[in-house]
Structures are given as structure tokens and as C-alpha cells.
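Participant: Note that this note's numbering has the sequence shown beginning at 1, numbered continuously upward.
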Amino acid sequence: METSTRQPTGNLGDAPADPIRDEFEALLRELPHHPDFCFNTPGAGSSRLADPLQQPPAFPPAATRNLQDPARVREAAEPWLAGLSTEERMQMEMEAQLAESGGRKLTETDLLAVQGFNYKIDTGITSRAYGKLPQAFPELERLPTEARMKTWMEILSGTTGVYYDCCEDSCMAFTGNKELLKQCTKCGKDQYEQDPNNPELLRPKRTFLYIPAAPRLVNLYREPEMADEMGYRARYKPEPGVIRDIFDGAQYQRLCDKRVWTTRESFDYKYFSMPTDIAMGLSTDGFGPFKQRKTSCWPLLLFNYNLPPTIRFHLEHILCLGVIPGPKEPKDPGSFLQPLIDKLEELAAGVPAWDSINKRPFCLRAYLIACFGDMPAVAKLMCMKGPGGKQPCRACNILGTQHPNGKYYAALNRPFADNPEPYDPLNLPRRTHCEYLEQATQVRMAALDNVLCRSHFAYFLG
Numbered sequence: 001m002e003t004s005t006r007q008p009t010g011n012l013g014d015a016p017a018d019p020i021r022d023e024f025e026a027l028l029r030e031l032p033h034h035p036d037f038c039f040n041t042p043g044a045g046s047s048r049l050a051d052p053l054q055q056p057p058a059f060p061p062a063a064t065r066n067l068q069d070p071a072r073v074r075e076a077a078e079p080w081l082a083g084l085s086t087e088e089r090m091q092m093e094m095e096a097q098l099a100e101s102g103g104r105k106l107t108e109t110d111l112l113a114v115q116g117f118n119y120k121i122d123t124g125i126t127s128r129a130y131g132k133l134p135q136a137f138p139e140l141e142r143l144p145t146e147a148r149m150k151t152w153m154e155i156l157s158g159t160t161g162v163y164y165d166c167c168e169d170s171c172m173a174f175t176g177n178k179e180l181l182k183q184c185t186k187c188g189k190d191q192y193e194q195d196p197n198n199p200e201l202l203r204p205k206r207t208f209l210y211i212p213a214a215p216r217l218v219n220l221y222r223e224p225e226m227a228d229e230m231g232y233r234a235r236y237k238p239e240p241g242v243i244r245d246i247f248d249g250a251q252y253q254r255l256c257d258k259r260v261w262t263t264r265e266s267f268d269y270k271y272f273s274m275p276t277d278i279a280m281g282l283s284t285d286g287f288g289p290f291k292q293r294k295t296s297c298w299p300l301l302l303f304n305y306n307l308p309p310t311i312r313f314h315l316e317h318i319l320c321l322g323v324i325p326g327p328k329e330p331k332d333p334g335s336f337l338q339p340l341i342d343k344l345e346e347l348a349a350g351v352p353a354w355d356s357i358n359k360r361p362f363c364l365r366a367y368l369i370a371c372f373g374d375m376p377a378v379a380k381l382m383c384m385k386g387p388g389g390k391q392p393c394r395a396c397n398i399l400g401t402q403h404p405n406g407k408y409y410a411a412l413n414r415p416f417a418d419n420p421e422p423y424d425p426l427n428l429p430r431r432t433h434c435e436y437l438e439q440a441t442q443v444r445m446a447a448l449d450n451v452l453c454r455s456h457f458a459y460f461l462g
């Protein structure tokens, strides 16, 4: 067998010899002549090459270079799967097969815990009265304690609450960019106190319980009757010039033509492009749970607009995300809403779910399209002064008139104002979204210079 190797030259101008490369090139030239590599395809000519290093590069045929990605082809044919990984699809299908085969049946102990939980919730009995039930009824000796029952219900329902530290006066919650703080930024009180059971440890003075909405939204599609009710939004047909539901509003219709984006990324699909997409609304307000009304708490309620209006606001269909505990009203409600904001970004990207009507997995997405409440509550959500400010309204630029006690009140007829011209109630000066953002930026920038300057801007801009 002949070998062909490149002999190194001794000229100073040549590159230095590389023995490893020389050996490798020699091996390549030997391969076409080796018996194990000699094969000829009939009609295609000899496979022997004089120099494999001179072989032109082979490109795939032009017809195969324009083939689409198989994953994109499948998403185009099955758009409800877009956004789900293979593992998530298989998990949903396995859970559905397990449910249809009668798996995961509740044991007698599970049923007893569920019955005890329903009894306590329906009757509203105290924890002490619940603990006395096994003594009054010996046949209930296996009834779990209240603490164990709550843990049991979290496991069975798949919904587990998350506790966040908050100020003992509920000024703010230690979430988001405030998570690493040790003191309240509003009142200056410490976040932790010594644990009386173990003085060497610290415990939060107060906590806020957040109950995620995503698992509960996923469960709505696992029952065929409720899944059919959830199709109300997709079946709704707006009529021009008629306002019957929130889906007739300009805000919802504008969103339907926009692509989804979050603070983390933007997506190729549009809002409510799938019939399973969920529209939601958030509401909150403070109330006194006790007759003395010395304390107040603020429930955070989520409303499901995919349900028909006839059942949408029924108590069993309202999702409670948590209760700001009080005893005082929150000064930074956005910090209590930060867990919801984080989960809304995950819901915008999509979470795996099972469609019990069509018997298939799908990517569930949900969007918050409205926040509502009375004037003080909405003013807090928007970080505005509200009725006591120079500009008390969030929707118009009506100016308040100062009372001798120093406070402002809004009036259409203002004979003692600097500008006594009355307001036309049918043609009030509107407040735009861009104007609101510009004024909020002015207040924030003023806070960097001087606290008094910030207070001045906030008071006169609302």
C-alpha cells in the first residue's frame, strides 16, 4: 500500500512542521484505498477519491433547506399546545388518564377530613368548638385537628398558600424590591421580634397569606360543566353601539389586537387569541371586621369574567387571593400585590392545564384587564391622594376648592376659587394615561431631591 506524506522543508520562511497534522492527512489519503472503504454504487461511479481534502462541501438539496421546524408545524396545527413543553403535555395526559381510570380515590380518612372542613366553613364555628367535636361525638375520634385538617386540604386541593412578612401595622409587605429590608419604610418599625419560645431566634411580627390563583383556574377546566361555563367569553358576540358586558368596552377590544408582553419578554400571540384565555378583574376595599371598627382589613378579590354574568359574582366563584391583615390600612398596597403581579406574568406566558371537554392538554393563559373599587380604594391602588388632594379625581383634571380647615373638596361651582369659572359636568377636562404617568414621574423625581418637595407635588397633582 502506497502512502503519501508531506515532507517538511527546511526553509526558514516555511511554517514549522506539525507531525500530528501530517499523520492525520496521510491517514485520510489512505482511507479511500483501504478495502473496508471501497464501495461502489451502481451507476454512481467510483467512490475512490484522489484527495479527500479536495472534496467539495456537500449541501442539502434546496427543497430540504426550507423545511419548517417540526415543533412550529405542530403548534400551527394544534395552537392550544403552543407554550407547553413535552414533559408538561405528558404530565397533563397522564393525570387525565389516571382520573378517567378511577385513580386517586379519597380514603375514608380523606373523606372525614373533607367533611370536617366543610362543616367548619359552612357553620363558622370557632376553633375551640371544632376541637370539642370528638369529645361530643365519640364516633369522630379520627377527626383531624384543625391544623392538620388545613394541611390536608392544601394537599388534596393542590392549592398551598404562601406567607409573606409584612409590617405589624400592615403599612407594607416585604416583597419585591423590599424583600431584603428589615424595617418598614413607612413607620420605621422592625420586621422581626424575638421568638418567646426560643430567644435566640427571630420571627416576623406579622405575616400576610397569599393564595395563588393559577391552581384554582386550572381546576376550573377539569370539570366538563364548569369548563363549558368558562367558554362564555369565547362565545360572546359584541354588538356595535351596545354595552352589555365588559367585552364591549374599548379596553378589551384594544387588547385583542395587541401582542402579549411582560417585563421579562414579549410573545408572538395576541391577548385572548385562544378561547381558553381568561379575563380577570381585581377589587379591594377596607372594612371593619369587628363592631368596634378600630381595626380594618383589606380582602383582595379576583373576579372571573369568563363566567356568565348570571353566576360571575356569586360567592363560590370569587377567588380570594388573601386579606391584608390590618389593623391599619395599607400605605403601600402595591407591595401586597407583588406576589399577584409575579404570578400574572407566569399566567401570561401560560401554564399547563387539561381541557375536560375536548380531552386534550392546553396552555392556559389569564390576563388582568380591570381593577375597581370605591374612590379611596382605587386612589390607594394608583398611589394617588384621592378625595383630599388638589386634583381629587383620577379621570379628570377638576381642581378642588380649599376649605378653611385646609382640606380640598371638589365642586362644579367655585365662587371663591382663584379661577371662579364653573365646570361643565358634561365636558370636564379629561385626564389622560400619559399625563398620569408624567405626573407620577415628577413626584418620584422630586422624592429624590427633597421629601417636602415630593409631598408638595403629590398634594397638588393628586
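Where a beta carbon is used, it is the ideal one built from N, C-alpha and C, also for glycine.
#1: What runs of the alpha helix (DSSP H), each 4 residues or longer, lie entirely inside the stretch 338-410?
#2: On the three-state DSSP scale, how would you describe Cys320?
#3: Label Ser296 either buried or exposed according to how many other C-beta atoms from any shown protein chain fall within 10 Å of its C-beta, with 16 as the threshold for buried.
#4: Can Gln194 and Lys182 be called in contact, C-beta distance under 8 Å?
#5: Using a Cβ-Cβ cut-off of 8 Å (strictly less than) and excluding sequence neighbours within five positions of Pro308, which residues of its own chain qualify?
#6: Do Val443 and Ala348 count as a contact pair if the criterion is CB distance below 8 Å?
#7: Give the DSSP-derived three-state secondary structure of Arg128 in the structure shown.
#8: Can you check DSSP and say which residues form a bridge with Pro204?
#9: Leaving out five residues before and five after Cys171 in sequence, what residues of the same chain have Cβ atoms less than 6 Å from its Cβ?
#10: Can you check whether the CB of Pro215 is closer than 8 Å to the CB of Gly158?
#11: Threshold first: 4 residues or longer. Then list the alpha helix (DSSP H) segments lying entirely within the stretch 261-333, N to C.
#12: Note down the Cα distance separating Asp169 from Thr160, rounded to an integer number of angstroms.
#13: Provide the residue span of the alpha helix (DSSP H) that contains Asp228, from first to last.
#14: Between the alpha carbons of Ile369 and Asn306, how many angstroms are there, rounded?
#15: Since I believe Ala353 is in contact with Leu337 (beta carbons under 8 Å), could you give me their beta-carbon distance rounded to a whole number of angstroms?
#16: For Ile211, which option in Ala99, Asp342 and Gly388 has the closest C-alpha, if you only look at C-alpha atoms?
#17: Taking the beta strand (DSSP E) that Tyr164 falls in, what are its first and last residues?
#18: By alpha-carbon positions, which one of Thr284, Ala147, Ser85 and Ile125 ends up nearest to Ile324?
#19: Would you kindly work out how many angstroms separate the C-alpha atoms of Met280 and Gly131, rounded to a whole number?
#20: Would a C-beta distance cut-off of 8 Å place Trp80 and Met382 closer than the cut-off?
Facilitator: Judging by the given coordinates:
#1: 375-381
#2: strand
#3: buried
#4: no
#5: Glu229 and Tyr232
#6: no
#7: helix
#8: Tyr192
#9: Cys184, Lys186, Cys187 and Lys331
#10: yes
#11: 309-312
#12: 25 Å
#13: Pro224 to Glu229
#14: 12 Å
#15: Not confirmed; about 24 Å, so no contact.
#16: Asp342
#17: Val162 to Cys166
#18: Thr284
#19: 38 Å
#20: no
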